[in-house]
Amino acid sequence: MTDLSLIRNFCIIAHIDHGKSTLADRILEKTGAVAPGDMRAQYLDQMDLERERGITIKATAVRIVYRARNGLAYHCNLIDTPGHVDFSYEVSRSLAACEGALLVVDATQGVQAQTLANTYMALEHDLELIPVINKVDLAAARPDDACRELEDVIGIDASGAILCSAKTGLGVEEILEAVVARVRPPRTPADGILRALIFDSTFDPYRGVVLFCVVRSGVIAAGDQIVLMAGNARYEVAEVGVFAPEMRPSAALGPGEVGYLIAGIKDIRAVRVGDTVTHAQRRAPEPLKGYREVKPVVFAGVYPVDADAYDNLRDAVEKLKLNDASFLCEPESSQALGFGFRCGFLGLLHMEIVQERLEREFGASLITTFPNVVYRVRTTDGAEERVDNPARMPDAAAIELVEEPIVEVTVLTPAQYLGNVIPLCQGKRGTQKSLAFPHQNHAMLVYTMPLAEILIDFHDRLKAVSQGYASFNYEPCGYAPADIVKLDILINGEPVDALSVLVHSDNAASRGRQMVERLKENIPRHQFKIPLQAAIGGKIIARETINAFRKDVIAKCYGGDITRKRKLLEKQKAGKKRMKQVGQVTVPQKAFLAVLKTDI
1185 MTDLSLIRNF CIIAHIDHGK STLADRILEK TGAVAPGDMR AQYLDQMDLE RERGITIKAT
1245 AVRIVYRARN GLAYHCNLID TPGHVDFSYE VSRSLAACEG ALLVVDATQG VQAQTLANTY
1305 MALEHDLELI PVINKVDLAA ARPDDACREL EDVIGIDASG AILCSAKTGL GVEEILEAVV
1365 ARVRPPRTPA DGILRALIFD STFDPYRGVV LFCVVRSGVI AAGDQIVLMA GNARYEVAEV
1425 GVFAPEMRPS AALGPGEVGY LIAGIKDIRA VRVGDTVTHA QRRAPEPLKG YREVKPVVFA
1485 GVYPVDADAY DNLRDAVEKL KLNDASFLCE PESSQALGFG FRCGFLGLLH MEIVQERLER
1545 EFGASLITTF PNVVYRVRTT DGAEERVDNP ARMPDAAAIE LVEEPIVEVT VLTPAQYLGN
1605 VIPLCQGKRG TQKSLAFPHQ NHAMLVYTMP LAEILIDFHD RLKAVSQGYA SFNYEPCGYA
1665 PADIVKLDIL INGEPVDALS VLVHSDNAAS RGRQMVERLK ENIPRHQFKI PLQAAIGGKI
1725 IARETINAFR KDVIAKCYGG DITRKRKLLE KQKAGKKRMK QVGQVTVPQK AFLAVLKTDI
C-alpha cells in the first residue's frame, strides 16, 4: 500500500473542446503510464463513440506514478471528465472522488459557459483549483486575456496559472509539480474501518459487476467478506486492482486509493452508484455521504422495433443503467408500439448517446418517441400530477393549471454577436435577467426561459448566429404557468398514442402540420382514402389525405351503354366506403421513425 502523504487525487475540468483529453494524453506520456508504442490520441476515451465524436462521455480514472523534483515518487489518480453540459453528473461524481482539479481554459477562446459551471461545482466540493491556460502555441492565443477573464468572470486568482500546450507537451511538468505541491493528500478517518465509495460500475459477462470505487478508510483485499450497505447484500471479494490505465490486479487497496473490485455480483440491481462498501465482520457505523440525486430533464419512450426483442432490450437497459448512473427508466406500454421503457435523460445529447450505445453495444434496434419535459398539472379537484408522458395528461376539461419547468440560461458571447443572440433568446420565450460585460469584448447574458424551448435546436441556432463562438449553460430554477396542450395525431379517425406530444399552444399548429406531412410521405396508399389529422381536443388544426389506389373497373367495357359503366363505378365506390369503415391502416415502422425523429 502507498503512504497516504504521497497520494494525490485530481481531475481535469473544462468547457468542451478546451483540451482535457489531449492534456491527459501528455500526462500519461510524461509519467510513462503508457508505453510509447501503445500511445494513441484520446487514450482515456475508451468508447468508439467518444473517438468518432471527439468528445468525452464517460469520466475515466487512471493511476500514474510521478517522480517529482524533490525525489519522491507520488501516486496520482487522474480522472478525465466530460465537458458537455449533458454529462455534468459524470463531472460531479468525479469531483467527489478528488481533492484537486486542473481548470483548463483555451487561450484562444477564454472562459466559456461550462468553465463557469464546472468551477462553481469544484468550489462546492472544496477542491484546490489549479488554473491551466492551454493552446498557448497557437497564433491566435491570448493567454493574458484568458487570465484576466478567470479573475473578472469567475473571480479566482490567476496569478499562479500555468501556461501549457497539450499538443506539444509544453508546461506538463509544471502542471504535475503544481499537483503534488498544491493538492492535499486524501483525508481519512483513523479508526481503520473499511469505507469505500462506489463512483461507477460496469458489467463483465464472465465476472459479473465490476465496481469502481475510492477507498476513504481501511483496506480491502481479495478474500474479504464485504457488504454493500444500501441493500445489505454480502459478497466475497475475488479481485481488487487499479487502473494503470487498463485494469491491473493488486494485492490490496488502501486509504485514499482509487481502483476496482470484483466480487462475483450477478444481480445488477444490487449495485448503485453512491453506495458504500464495508467489511461484513467490522461494519462502518453509517454509510458515506453519496452523490446528489440525479434529476432527468428530458423523458422519452424507448421501444424495440421488433416486439419479440423486448427481453433483449430489458437486459440491455439494465446493463447500461449500471454504467450510466444518470440514465433512469421504468417499463411502459403503448397500443401502437407494444412494450418498452419510459426513460429519463439529462439532455438531448445524452438521449442520443444512450440510444447509440444501446444499438452498438447491445445490438438493439429502437424506436424513440418525441422527447418531453416534466410538467406539473393541477386538476379541478385540487390534485397535482407530474406528467412526463402525453398519455398521462388529464382531459383538458379537468385541467385547472399547467406549469412547465423554467431554467436560467447563461450565455457567453463575443460582444459583436449580441444583436443576433438577443432575438434568438427572446424568440424562445426568454426573459432577460441581466446583461454584463465582464471583459471588454465579451458579453454575459442571463435569461430565464422554458426548458422545452432550449432542448431541440437552441444550441445549434446559438452556434449559427454567433459563428460558433457563443456558449451556454443552464440550471433549473423552478416552474411557471404555461399554455401547454396535448397534440394528438389521428390516422383514419383513430388517435395513435405513440405520436401524441405536449407542446406550447403557439407551436402546436406548425408541429401538427410537420407531423402529418411526414406521415403522408411514409404511409403507403391503401384501397381506401386515409385522412391524417392533428388535433387539440376536438379541434382539428392540420390535415393531409393519402389518396386510395384506384382500380380501373371499366377497362373491360368496350363501348355499349354508359349505364353499365356507371353501375360498375358505383359498386366500386360503395365497396371503398365499406372498406374504409372496417379497414385497418398499416403504419410501417419507418413512418414512426420519420415522425418521431428529432432534428438534433
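In terms of the numbering used here, the sequence shown opens at residue 1185 and continues consecutively. Where is the CB? At the ideal position from N, CA and C, for every residue including glycine. Note that the structure is a prediction, hence the values are computed from the model and not measured.
Per DSSP, reduced to three states, the secondary structure at THR1632 is strand. Approximately 7 Å separates the beta-carbon atoms of GLU1543 and SER1549; this is inside 8 Å, confirming the contact. Short of 8 Å from the beta carbon of ASP1375, and not among the five residues preceding or following it, lie these beta carbons of its own chain, in chain order: SER1401. Looking at the DSSP output, ASN1657 sits in a beta bridge with THR1594. For ASP1579, the secondary structure class from DSSP, reduced to helix, strand or coil, is coil. Distance from the CA of HIS1710 to the CA of VAL1557, rounded to the nearest whole angstrom, comes to 36 Å. Between the stretch 1288-1307 and the stretch 1246-1262, the count of Cβ pairs shorter than 8 Å is below three; the stretches do not touch. Inside the stretch 1270-1347, DSSP marks whole beta strand (DSSP E) runs of 3 or more residues at positions 1284-1290, 1312-1318, from first to last along the chain. The three-state secondary structure of TYR1390, taken from DSSP, is coil. For GLN1616, DSSP records a beta bridge to TYR1631. DSSP, read as helix, strand or coil, puts HIS1534 in helix. Shown here, TYR1475 sits in coil according to DSSP, grouped into three states, outside any helix or strand. Per DSSP, the beta bridge partners of GLY1524 are GLU1516. By the Cβ neighbour-count rule, GLN1296 is buried, with 16 or more other Cβ atoms within 10 Å of its own. Two segments are said to touch when three or more pairs of C-beta atoms, one from each, lie closer than 8 Å; by this definition the stretch 1262-1274 touches the stretch 1194-1203.
In the DSSP annotation of this structure, the continuous segment of the alpha helix (DSSP H) that includes PRO1607 starts and ends at 1602-1611. No Cβ-Cβ contact shorter than 8 Å links VAL1481 with PRO1574. Boundaries of the alpha helix (DSSP H) around TYR1494: 1494-1507.
Counting every other CB atom within 10 Å of its CB across the protein chains shown gives THR1729 a total below 16, marking it as exposed. Membership of GLN1698 in the alpha helix (DSSP H) is indicated by the continuous run 1689-1706. By the neighbour-count criterion, in which a residue is buried when 16 or more other Cβ atoms sit within 10 angstroms of its Cβ, GLY1744 is exposed. At the C-beta level, SER1385 and ASN1507 come within 8 Å of one another.
Excluding residues up to 5 positions away in sequence, MET1633, PRO1634, GLU1637 lie with their Cβ nearer than 7 Å to the Cβ of ARG1613 in the same chain. ASP1644 carries a helical assignment under DSSP once its states are collapsed to helix, strand and coil. Taking C-alpha positions only, ASP1336 is separated from THR1206 by approximately 27 Å. Across the structure, VAL1442 and PHE1396 are spaced so that their CA atoms are roughly 8 Å apart. With respect to the 8 Å criterion, GLY1438 and VAL1393 are not classified as neighbours on the basis of their beta carbons.
Assignment of LYS1351 by DSSP, reduced to helix, strand and coil, places it in the coil class. Inter-residue distance for GLY1407 and ALA1464 is about 12 Å (C-alpha atoms, whole angstroms). One thing to note: GLY1448 has its Cβ no nearer than 8 Å to the Cβ of ILE1382. Here the alpha carbon of ILE1359 sits roughly 33 Å from the alpha carbon of VAL1593.
In the DSSP assignment, PRO1715 forms a beta bridge with THR1729. In the three-state scheme derived from DSSP, where H, G and I count as helix and E and B as strand, SER1434 is classed as strand.
Per DSSP, reduced to three states, the secondary structure at ALA1252 is coil, with no helix or strand assignment. Fewer than three pairs of CB atoms, one per stretch, sit closer than 8 Å, so the stretch 1335-1352 makes no contact with the stretch 1226-1241.
For ILE1359, the enclosing alpha helix (DSSP H) begins and ends at 1356-1366.
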